[in-house]
Amino acid sequence: MSWQAWATVAIVAAAMALFASEKLRIDLVALLVLAALVVLGIVSPAEALSGFSNEATVTVAAMFALSLGIERSGALDPLTRLLSRIRRPWVLTLAMMLAIAPIGAFVKNIALVATFLPLALRVCQRTRTSPARVLMPMAYAAQMGGVCTLIGTSSNLLADSLAQKHGLQAFGVFEFVRLGAVLAVVGMAYLMLVGRWLLPRHVDAEQPVQADVGKYVTELEVPAGSALIGQSFAEARLGETYGVYPLELLRGEKHMWSPRSQEIAAGDVLLVRGDWDKIEDFRRQADLRNAPESRYVKDDDHARVMVELMVAPASAVEGRRVGETGIGWRYDAVVLAIHRRGQVLRDKLSDVSFAVGDVLLALVDEKALANLRNDEAFIVLGQRDEMRRTPRKAIYAVGIMAAVVVASGLRWLPIPIAAICGATAMALAGCFGRKDVYEGMDWKIIILLGAILPLGIAIEKTGLSHALVRLGMDLVGTHGPLAALLMVYLLTALLTELMGHNPSVVLMVGIAASVAGAMHVDPRPFVVAVAFAAATSFATPVGYPTNTMVYYAGGYRFTDFMKVGIPLILVFCALSMWLIPHFWPFHPAAGR
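Numbering (my numbering), first residue to last: 15 to 606.
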């Protein structure tokens with residue numbers, strides 16, 4: 015191979031390591047890949063920028079807007095109210111999967127899971143059931159539904175766009191439905207009959223079964239007259255007496271990391287950890303004040319409510335401190351406490367940088383709560399009923415989405431044009447506000463798609479794809495196209511768990527088409543295998559954003575996804591090896 019091919023191998027390996035480590039954001043990793051390819055002269059500047067004008071990138075952006083219109087217009091409200099009446103957790107699990115899978119074929123998966131997540135937590139709390147029994151099947155169902163249509167997930171659109179560059183005819187909007195529907199039915203049956211016995215029955219010690227999702231870290235100020243003044247932490251016996259554990263004593267600018275023998279004085283701020291109800295009992299009995307709340311001076315008499323928020327995947331507030339997020343002035347809110355799964359925070363609340371999955375306890379102006387619910391940076395986990403929205407806008411949103419699906423499905427309009435027209439119609443109909451569409455857009459995915467697509471060009475230009483195909487053919491030998499299809503499916507599934515579904519599609523579509531060429535068979539079934547293997551990531555909590563969301567909220571361990579997800583991937587693989595050649599024959603003329 016040429017030095018450019020070896021350089022591309024090094025870039026791919028570095029990107030895989032960075033994607034898997036999650037030390038950098040996925041869009042930043044993609045931009046680093048793009049910069050390396052251009053600086054090394056592997057792709058031209060025009061080729062480097064071609065990903066941002068690619069049909070898949072444009073269509074995904076427009077579909078985000080359409081999904082936002084469905085969500086913001088309240089089109090899903092009647093369904094959530096119906097599901098909220100369910101009392102049995104296993105019925106809730108089944109009902110949610112049956113509801114989410116069909117909707118997931120047209121609505122962004124993250125938005126779906128964010129909508130149903132608070133509802134699932136409320137029912138689990140009411141029935142005293144671990145959320146871990148419900149949330150993982152819900153996330154899996156969203157993926158099963160998304161793979162059923164061309165527009166259901168960004169990786170399907172990306173696979174279609176890349177396949178067309180290799181000379182294949184475009185896939186139809188509903189071409190994946192037959193295979194997707196069979197897999198979804200089998201997958202849901204597996205989760206109800208087998209998976210339910212593999213799911214954890216009890217969350218770990220960090221995750222009690224209730225909607226407050228974990229133990230919080232907060233600051234309590236010691237006013238003059240508190241019963242704690244003059245006592246040491248050892249004497250106060252906070253853990254034994256109240257179930258509250260001191261982490262740090264803040265006295266002015268001084269931080270005392272081991273305050274066990276330190277006497278408490280007026281004006282001290284205690285950084286403590288515990289369940290919120292125990293913290294509140296301790297605060298009242300010791301005559302303390304919530305330090306963040308005491309700095310939250312308001313001259314009005316607006317009603318304020320306590321809400322729980324989870325930092326969503328791809329959130330704009332990730333990596334920012336409380337003061338940098340604008341949550342205070344945008345929603346008239348103050349963050350009282352933070353919980354981070356698997357870690358004990360030891361910084362002042364104002365110094366903590368938010369991470370995906372952090373659960374915040376916040377005091378919010380009641381009038382601003384509706385706006386906060388519409389902010390895709392957070393998922394509101396509180397128990398208050400959502401605001402009722404205008405049915406007329408919901409009807410508009412559903413009608414526009416149906417028109418987009420029909421127009422693109424019947425090929426009256428190309429998918430990108432139909433999606434752009436639909437997004438424009440939703441904006442004119444008032445299904446979302448003027449700024450909502452930009453704030454609700456998942457720009458990380460848009461940048462990822464635009465920046466990672468030139469990697470596929472580099473793999474083709476340098477001859478790397480042909481070298482990989484030769485290696486794969488040596489492994490397959492004379493076992494025929496079905497063995498090659500199995501190799502493509504399993505390799506895509508593995509790369510998806512390491513890198514995410516979109517980068518794995520970019521890497522594998524060209525290789526899959528070349529493998530088919532070497533076998534002298536139709537490339538179409540191989541592209542379908544890549545699309546399905548990439549869009550059904552069940553084995554890790556980081557392979558797909560919906561898995562990440564429920565990982566934090568459900569209190570799962572990493573191995574829980576492996577126990578439930580790996581058998582499901584193998585079931586899907588076996589069914590795909592049987593059905594893909596049946597629906598998309600290796601030799602189309604002979605298959606007709």
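Even for Gly, the Cβ is constructed at its ideal location relative to N, Cα and C.
Report task. With aspartate 91 as the anchor, note down where its alpha helix (DSSP H) starts and where it stops. Result -> Where aspartate 91 is concerned, the enclosing alpha helix (DSSP H) stretches over 91–97.
Report task. Report, in whole angstroms, the separation of the C-beta atoms of methionine 158 and alanine 198, which I expect to be a contact under 8 Å. Result -> 4 Å
Query raised in the report: So, helix, strand or coil for isoleucine 40, using DSSP?
Result: helix
Requested in this report: Pick helix, strand or coil for lysine 362, following the three-state DSSP scheme.
Outcome: coil
Report task. Could you tell me the boundaries of the alpha helix (DSSP H) in which aspartate 295 lies? Result -> Where aspartate 295 is concerned, the enclosing alpha helix (DSSP H) stretches over 290–299.
Query - For serine 16, the three-state DSSP class (helix, strand or coil) - result: coil
Query raised in the report: By DSSP, does valine 535 sit in helix, in strand, or in coil?
Result: Correct three-state label for valine 535: coil.
Query - Those runs of the alpha helix (DSSP H) which lie wholly inside the stretch 367–391 and span at least 4 residues - result: The DSSP assignment places complete alpha helix (DSSP H) segments of no fewer than 4 residues inside the stretch 367–391 at 383–387, in order along the chain.
Query raised in the report: Hey, leucine 213 and arginine 147: beta-carbon distance below 8 Å or not?
Result: yes
Query raised in the report: Nearest to leucine 607 by alpha carbon, out of Gly579, Arg538, Leu482?
Result: Since the first and last residues shown for the chain are 15 and 606, residue 607 lies out of range.
Report task. Return the CA-CA distance between arginine 136 and alanine 29, expressed in angstroms with no decimal places. Result -> 39 Å
Requested in this report: List in chain order: all unbroken alpha helix (DSSP H) runs of 4+ residues lying wholly within the stretch 409–465.
Outcome: 429–442, 450–453
Query - Among Arg571, Phe586, Ala549, Val541, the one whose alpha carbon lies nearest that of lysine 179 - result: Val541
Query raised in the report: Leaving out the 5 sequence neighbours to the left and right, which residues in its chain are closer than 8 Å to isoleucine 461 when beta-carbon positions are compared?
Result: Here the set comprises Asp41, Ala44, Leu45.
Query raised in the report: Over what stretch of residues does the beta strand (DSSP E) that includes threonine 232 continue unbroken?
Result: 230–235
Query raised in the report: Looking at C-alpha atoms only, which residue of Ala250, Leu207, Gly239 is the closest neighbour of proline 260?
Result: Nearest C-alpha to proline 260 among Ala250, Leu207, Gly239: Ala250.
Report task. Could you have a look at serine 144 and say whether DSSP puts it in helix, strand or coil? Result -> coil
**Report entry** First and last residue of the uninterrupted beta strand (DSSP E) at tyrosine 503
**Finding:** Run containing tyrosine 503: none in the beta strand (DSSP E); it sits in the alpha helix (DSSP H), 495–513.
Query - Close-in-space but distant-in-sequence residues of the same chain around tryptophan 457 (CB under 7 Å, 5 per side omitted) - result: none
Requested in this report: Compute the Euclidean distance between the alpha carbons of glutamate 262 and valine 366, then round it to the nearest angstrom.
Outcome: 14 Å
Report task. Would you give the residue range spanned by the beta strand (DSSP E) that isoleucine 278 belongs to? Result -> Per DSSP, isoleucine 278 belongs to no beta strand (DSSP E) and is neither H nor E.
Query raised in the report: When the distance is taken between beta carbons, is glutamate 233 closer than 8 Å to leucine 171?
Result: no
Query raised in the report: In chain order, what residues of the same chain lie with their CB nearer than 7 Å to the CB of isoleucine 525, ignoring the 5 residues before and after it?
Result: Cβ-Cβ distances below 7 Å link isoleucine 525 to Ser479, Leu482, Val483 in the same chain, with the five nearest sequence neighbours on each side left out; the list follows chain order.
Query raised in the report: Rounded to a whole number of angstroms, what is the C-alpha to C-alpha distance between glycine 579 and threonine 554?
Result: If you draw a straight line from the Cα of glycine 579 to the Cα of threonine 554, it comes to about 8 Å.
Query - Where asparagine 123 falls: helix, strand or coil (DSSP) - result: helix
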